[in-house]
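In what follows, a single structure is set out as structure tokens and then discussed.
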Amino acid sequence: MKACTLKLEMDLNENEQSLAEAEKEATKLERSCSTLSNICRTEPLTPHTYLDLLKLIESTKKMSEKCNSLTEDFEEFGKEAAERLAPANMIGKLIDTHNNVLTSFEKQIEDLAGKVSLIANEYEDITEILSISSLSTTCTCEMAKEVLAKDFCNDYILRNNR
Numbered sequence: 015m016k017a018c019t020l021k022l023e024m025d026l027n028e029n030e031q032s033l034a035e036a037e038k039e040a041t042k043l044e045r046s047c048s049t050l051s052n053i054c055r056t057e058p059l060t061p062h063t064y065l066d067l068l069k070l071i072e073s074t075k076k077m078s079e080k081c082n083s084l085t086e087d088f089e090e091f092g093k094e095a096a097e098r099l100a101p102a103n104m105i106g107k108l109i110d111t112h113n114n115v116l117t118s119f120e121k122q123i124e125d126l127a128g129k130v131s132l133i134a135n136e137y138e139d140i141t142e143i144l145s146i147s148s149l150s151t152t153c154t155c156e157m158a159k160e161v162l163a164k165d166f167c168n169d170y171i172l173r174n175n176r
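Adding 14 to a residue's 1-based position in the sequence shown gives its number in our numbering.
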């Protein structure tokens with residue numbers, strides 16, 4: 015559309031220049047005819063020059079109408095695009111929100127990783143205390159009572175938080 019508008023504007027400019035040249039020639043002819051005697055002056059313009067002038071005027075009108083029509087189309091397109099597209103600051107806010115959420119997720123993952131390692135350490139300590147050699151070993155009631163009696167978790171937390 016921009017190329018078409020540019021071409022129309024260039025054609026319009028060219029037609030305006032041609033029209034200006036034709037007017038200059040017409041003025042020259044009128045001057046030359048007015049300086050001569052009235053016998054010489056039958057017509058200030060020749061039919062050919064006059065027809066060219068009329069064609070240029072008509073072409074200029076058409077080009078002007080096309081240019082105005084394209085300008086209106088561009089303005090309408092701009093309005094529609096502005097209505098349909100999200101403003102830049104809204105997009106920036108969305109990006110900031112997503113970045114904040116990602117940062118929050120990273121922090122939560124780090125917290126969970128710390129808790130997982132804490133649980134793994136507690137499990138290793140319990141397996142040592144209870145002499146559990148593999149996951150297939152069944153935990154008996156006596157073993158559970160022993161762990162509960164020692165309040166193992168609180169001792170472990172106190173030891174690791176000092």
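For every residue, glycine included, the Cβ atom is placed at its ideal position computed from N, Cα and C.
Rounded distance between the beta-carbons of residue j and residue i, thought under 8 Å
| i | j | result |
| --- | --- | --- |
| residue 23 | residue 81 | 6 Å |
| residue 70 | residue 26 | With 8 Å as the limit, residue 70 and residue 26 do not qualify as a contact, their Cβ atoms being about 11 Å apart. |
Three-way DSSP call (helix, strand, coil) for residue i in this model
| i | result |
| --- | --- |
| residue 145 | coil |
| residue 99 | coil |
| residue 54 | For residue 54, the predicted model reports a pLDDT of 49, less than 50, meaning its position is unreliable; a value from the coordinates is still stated below. Three-state DSSP puts residue 54 in coil, outside helix and strand. |
| residue 25 | helix |
| residue 77 | helix |
| residue 15 | coil |
Separation of residue j from residue i, as counted between CA atoms
| i | j | result |
| --- | --- | --- |
| residue 108 | residue 83 | 38 Å |
| residue 46 | residue 63 | 15 Å |
| residue 72 | residue 20 | 20 Å |
| residue 123 | residue 106 | 26 Å |
| residue 142 | residue 130 | 18 Å |
| residue 110 | residue 101 | 15 Å |
| residue 42 | residue 35 | 11 Å |
| residue 114 | residue 74 | 59 Å |
| residue 68 | residue 90 | 33 Å |
| residue 128 | residue 136 | 12 Å |
| residue 140 | residue 126 | 21 Å |
| residue 93 | residue 44 | 50 Å |
| residue 85 | residue 31 | 22 Å |
| residue 146 | residue 138 | 9 Å |
| residue 66 | residue 40 | 11 Å |
| residue 95 | residue 112 | 25 Å |
| residue 144 | residue 134 | 15 Å |
| residue 121 | residue 18 | 55 Å |
| residue 97 | residue 117 | 33 Å |
Beta-carbon gap between residue i and residue j smaller than 8 Å
| i | j | result |
| --- | --- | --- |
| residue 77 | residue 29 | yes |
| residue 15 | residue 119 | no |
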